[in-house]
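Note that the sequence shown covers residues -28 to -1, 1 to 524 in mature numbering (1 follows the signal peptide of the UniProt record, and there is no 0).
Working notes for the structure below.
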Amino acid sequence: MNRTLLSRPIARCGAAALAGLLAVAALAGCSPAGSTGSGSDEPIDWKLTETTAAPSGDIDSFTFASYAEPYSLDYAYAFDYADNSVLANVCESLLRLNPDYSLSPGLAESFEHPTPDTWVYTIREGVMFHDGTPLTAADAVASMRRHIDPAVGSFWFSVYQNVKSIEQTGDRQVTVTMTGPDSQFNLGMGGSAGVIESAATLAEKGADYGNSTGGVNCTGPFELTTWESGESITMTRFDDYWDESLRAHSGEVKFVFMNDPTARINALKSGSVDGSWMVPMEAVPTLRAAGKGDVLFGVNTAVGDIVVSNLDGPLGDVRVRKALLLALDRDGILQAAYRGVGETTDVMTTESVWRDASDAARTAAFDDITSYDRNVEEAKKLIADAGAEGAELTYVTAPISNDFAVISQATVAAAQSIGLKVKVETVTPNAYTALFSDPSARDGVDLFYTSWYLSSPDALEMYSVLRTGDFSNYGGWSNPEFDQVVQDAVAIDDPAARSDLTAKAQQIVNEELPWLPLYRAPISLYLGERITGVQPSIAFMYYPWAATIGAR
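Structure follows, in structure tokens:
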């Protein structure tokens, strides 16, 4: 799950935190496990939906199905769909990441950047925590400092890795001093890394903070009411919420944990559950045929990639990496895994995270690149030139979801078509997530799959993870020119100027292929016939989407 992700060296992050963070990366953007197919393999007719009709009025309550129970509602550890889809409605960040992936003021009514090394946030007046106490700058300082506390082991430490100090410098002012210019820090304040919690609550709850016993005490349009472990989470409307434009239309929202996809889809079909994010694609025809609601598709930032995790073997030759990508039937993968919903891609970002880029940067990033349209004959020539005929690769997969199975099978077929051999090792989901957190788990592993989403509105986040020595640079790829381009880009505040360098980074990766890009697909959402008002977008991970839902 990334996914996501905000990488950079994570030296101060504890091992347990790393495991959780990268476990999410492994699953980011993937449909939940299981098959709920309709028996048809016809392509799904789809289009992006920006928003749904405004509610006709308020509603007493509605229910949403979640494919898993949250790992934690502690913002320092909330790094997965199940966690953040709840947390986004209960807790709030300094900035607000909107459904169109723009940033706007949140609990910070404004911010300033007076020097290249400082960010200054003015905390909004008149905001109340759910226990009735007022939001203060001291709460912001305490909340943010947790990310740099080794004892906490925040999954979001990477956002804070260049932070020197976090201090209250006025009644409502917080100043963050960096070790050097870092444009990415402020962009990260729209996600979990920017969440503000009551300092008193953090001190009182201690190790129980964010779990089913301790809960949370934040400022969002809903407050956490109950967490029945293994069953459900209920949140209720917070009547003293500060932002009238996002006052909740529903008095109550209940999240029910439904690990079995068949049960989840049957609940949606029957109307016993009103909605769900991340609908398995194979279930879309069934849900549409039931006529009880709508399947919608929204903006996403995820790209499905095959990670090249061993550059000491045959894949250390870029010709072999290019050959494998040229041999892959990516159109077939998209059809088999996602019923044609999405499109193949030669790069590792989506246009949605280039919103503030210059026109020249967009052209360079998406047009002035190498295309890897399927060409098995060309791929065979590259293998011959590299002297790699008969080389064996190890591909690791897990029984997590349909796309995992499809992509592993497609990789085997592609390799065989050009004279390579692939040994597929199937491991448990837990062992699979270790690939992202434990370098020793990748010993002898050449390839594995991820769908990698971004948590800020800047494509540079993606390329930060591929710098030399970065923890998430799983194959140890190194390119000095690339490293310098990314480092120079991080130091640039102006998004248009920064995008020109980010486009250069994208071009280098497109040529070198440290990971093999496959496809990009939209986020999916089901809304039952009782409810409306939400904007389908992967920003549901951080935006209070449930507050916008009311009666049809």
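Just so it is clear, CB atoms sit at the ideal spot from N, CA and C, and this is done for glycine as well.
* Between which two residues does the beta strand (DSSP E) carrying F338 extend? -> By one-based count along the sequence shown, residue 338 stands at place 366. Counting along the chain, F338 falls outside any beta strand (DSSP E), though it belongs to the alpha helix (DSSP H) covering 331 to 338.
* To do: Indicate whether K136 and T151 have their beta-carbon atoms separated by less than 8 Å.
  => On the sequence shown, position 164 is the one that residue 136 refers to. On the sequence shown, position 179 is the one that residue 151 refers to. In this structure, T151 lies closer than 8 Å to K136 by Cβ.
* **Neighbour flag for A519 against chain D, beta carbons, 8 Å** => Of the chains in the structure shown, none is chain D; there is only one protein chain.
* Asked: Can you list, in chain order, the residues of its chain whose CB lies under 8 Å from that of residue 528, leaving out five sequence neighbours each side?
  -> Residue 528 lies beyond the stretch modelled for the chain, which goes from -28 to 524, so this question has no answer here.
* Give every residue of the same chain whose Cβ lies closer than 6 Å to the Cβ of G187, excluding the five residues on either side of it in the sequence, and list them in chain order. => As a first step, residue 187 must be located in the sequence shown, where it is residue number 215. Hits under 6 Å: L196.
* What does S33 pair with, by DSSP beta-bridge criteria? -> Stepping through the sequence shown from its first residue, residue 33 is reached at position 61. Paired residue(s): E224.
* To do: Please indicate yes or no: does the CB of S444 lie closer than 7 Å to some heavy atom of the ligand HEM?
  => This structure lacks the ligand HEM, and indeed carries no ligand of any kind.
* How would you label S428, buried or exposed, when you count the other beta carbons within 10 angstroms and need 16 or more for buried? -> On the sequence shown, position 456 is the one that residue 428 refers to. With 16 or more Cβ atoms within 10 Å of its Cβ, S428 is classed as buried.
* Check A(-13) in the structure and name its three-state DSSP category. => By one-based count along the sequence shown, residue -13 stands at place 16. Per-residue confidence for A(-13) stands at a pLDDT of 30, beneath the threshold of 50, marking its modelled position as unreliable; the derived number appears in the next sentence. DSSP places A(-13) in helix when its eight states are reduced to three.
* Among the residues of its own chain, which have a CB less than 7 Å from the CB of E483, if the five just before and after it don't count? -> By one-based count along the sequence shown, residue 483 stands at place 511. So the qualifying residues of the chain are T342.
* Asked: Expressed to the nearest angstrom, what Euclidean distance is found between the alpha-carbon atoms of D211 and C190?
  -> The residue given as residue 211 occupies position 239 in the sequence shown. The residue given as residue 190 occupies position 218 in the sequence shown. So the two alpha carbons sit approximately 13 Å from each other.
* Asked: Residue range of the beta strand (DSSP E) that T398 falls in?
  -> Residue 398 sits at position 426 when you count from the first residue of the sequence shown. Counting along the chain, the beta strand (DSSP E) containing T398 begins and ends at 393 to 398.
* Asked: Hey, D375 and A274: beta-carbon distance below 8 Å or not?
  -> Walking along the sequence shown from the start, residue 375 turns up at place 403. Walking along the sequence shown from the start, residue 274 turns up at place 302. The answer is no: Cβ separation not under 8 Å.
* When we look at the beta-carbon of S412 and count the other beta-carbons within 10 Å, is it buried (16 or more) or exposed? -> The sequence position of residue 412 within the sequence shown is 440, counting from 1. So S412 ends up on the exposed side.
* Asked: Taking Cβ to Cβ, would you say Y39 is nearer than 8 Å to V267?
  -> As a working note, residue 39 is residue 67 in the sequence shown. As a working note, residue 267 is residue 295 in the sequence shown. Cβ atoms of Y39 and V267: not closer than 8 Å.
* Asked: Is DSSP giving G505 helix, strand or coil here?
  -> If you number the sequence shown from 1, residue 505 lands on position 533. Coil, per DSSP.
* Are residue 525 and G314 closer than 8 Å when you measure CB to CB? -> Since the displayed the chain opens at -28 and closes at 524, residue 525 lies outside it and no answer follows.
* Kindly indicate the opening and closing residues of the alpha helix (DSSP H) around M207. => Within the sequence shown, residue 207 is the residue found at index 235, counting from 1. Per DSSP, M207 belongs to no alpha helix (DSSP H); it is in the beta strand (DSSP E), 204 to 209.
* To do: Identify whether S244 lies in helix, strand or coil by the three-state DSSP scheme.
  => To locate residue 244, count along the sequence shown from 1; it is residue 272. DSSP places S244 in coil when its eight states are reduced to three.
* Is the Cβ-Cβ distance between A175 and R144 less than 8 Å? -> Taking the first residue of the sequence shown as position 1, residue 175 is located at position 203. Taking the first residue of the sequence shown as position 1, residue 144 is located at position 172. Contact annotation: A175 and R144 have beta-carbon atoms that are not nearer than 8 Å.
* Taking just the CA atoms, how far does A377 sit from G223? -> Taking the first residue of the sequence shown as position 1, residue 223 is located at position 251. Taking the first residue of the sequence shown as position 1, residue 377 is located at position 405. If I take the Cα positions, the gap works out to 41 Å.
* **Counterpart residues of L67 in DSSP-defined beta bridges** => The residue labelled residue 67 in the question sits at position 95 within the sequence shown. Within the DSSP bridge table, the entry for L67 names P77 as partners.
* Asked: Between S496 and F269, which are expected to be in contact by the criterion C-beta below 8 Å, what is the C-beta distance as a whole number of angstroms?
  -> Within the sequence shown, residue 496 is the residue found at index 524, counting from 1. Within the sequence shown, residue 269 is the residue found at index 297, counting from 1. The C-beta distance from S496 to F269 rounds to 6 Å, short enough to meet the 8 Å contact threshold.
* Are G162 and L69 touching if we call contact CB-CB under 8 Å? -> Reading the sequence shown from its first residue, position 190 is the one you call residue 162. Reading the sequence shown from its first residue, position 97 is the one you call residue 69. With contacts defined by Cβ atoms closer than 8 Å, G162 and L69 form a contacting pair.
* Asked: Taking DSSP as the reference, what is the three-state secondary structure of I480?
  -> Taking the first residue of the sequence shown as position 1, residue 480 is located at position 508. In the structure shown, the three-state DSSP call for I480 is helix.
* List the DSSP bridge partners of G522. => Here residue 522 refers to the residue found at position 550 of the sequence shown. Bridge partners of G522: T504.
* **For S423 and A(-3), the rounded distance between their alpha carbons** => As a working note, residue -3 is residue 26 in the sequence shown. As a working note, residue 423 is residue 451 in the sequence shown. Any answer about A(-3) is weak, because its pLDDT of 36 lies below 50 and its placement is not dependable; what the coordinates show is given next. For A(-3) and S423, the distance between alpha carbons rounds to 7 Å.
* Asked: From Q133 to R524, what does the alpha carbon distance come to, in whole angstroms?
  -> Along the sequence shown, one-based indexing puts residue 133 at 161. Along the sequence shown, one-based indexing puts residue 524 at 552. Cα-Cα distance, rounded: 45 Å.
* Measure the Cβ-Cβ separation of L240 and G265 and say whether it is below 8 Å. => To locate residue 240, count along the sequence shown from 1; it is residue 268. To locate residue 265, count along the sequence shown from 1; it is residue 293. Yes, these two residues count as a Cβ contact at 8 Å.
* Hey, G447 and N282 are a contact pair by Cβ (cut 8 Å); roughly how many whole angstroms apart? -> As a working mapping, residue 447 is identified with position 475 in the sequence shown. As a working mapping, residue 282 is identified with position 310 in the sequence shown. Their Cβ separation, rounded to whole angstroms, is 6 Å, which keeps G447 and N282 in contact under 8 Å.
* Under the rule that 16 or more other beta-carbon atoms within 10 Å means buried, what is G362, buried or exposed? -> On the sequence shown, residue 362 is found 390 positions in, with the first residue counted as 1. So G362 counts as exposed.
* **Within 8 Å, strictly: CB atoms of P27 and T400** => If you number the sequence shown from 1, residue 27 lands on position 55. If you number the sequence shown from 1, residue 400 lands on position 428. Inclusion of P27 and T400 in the CB contact set at 8 Å is not warranted, their separation being larger than that value.
* To do: Work out the CA separation of W449 and F338 for me, nearest whole Å.
  => For this step, residue 338 is matched to residue 366 along the sequence shown. For this step, residue 449 is matched to residue 477 along the sequence shown. So the two alpha carbons sit approximately 22 Å from each other.
* Tell me whether I305 sits in a helix, a strand or coil according to DSSP, three-state version. => To locate residue 305, count along the sequence shown from 1; it is residue 333. DSSP, reduced to helix, strand and coil, places I305 within a helical segment of the structure shown.
* Under the three-state DSSP convention, the category W91 falls into -> The residue you call residue 91 lines up with position 119 of the sequence shown. It is a strand residue.
* DSSP state of S137 mapped onto helix, strand, coil -> In the sequence shown, residue 137 corresponds to position 165, counting from 1. S137 sits in a strand when the DSSP states are folded into three classes.
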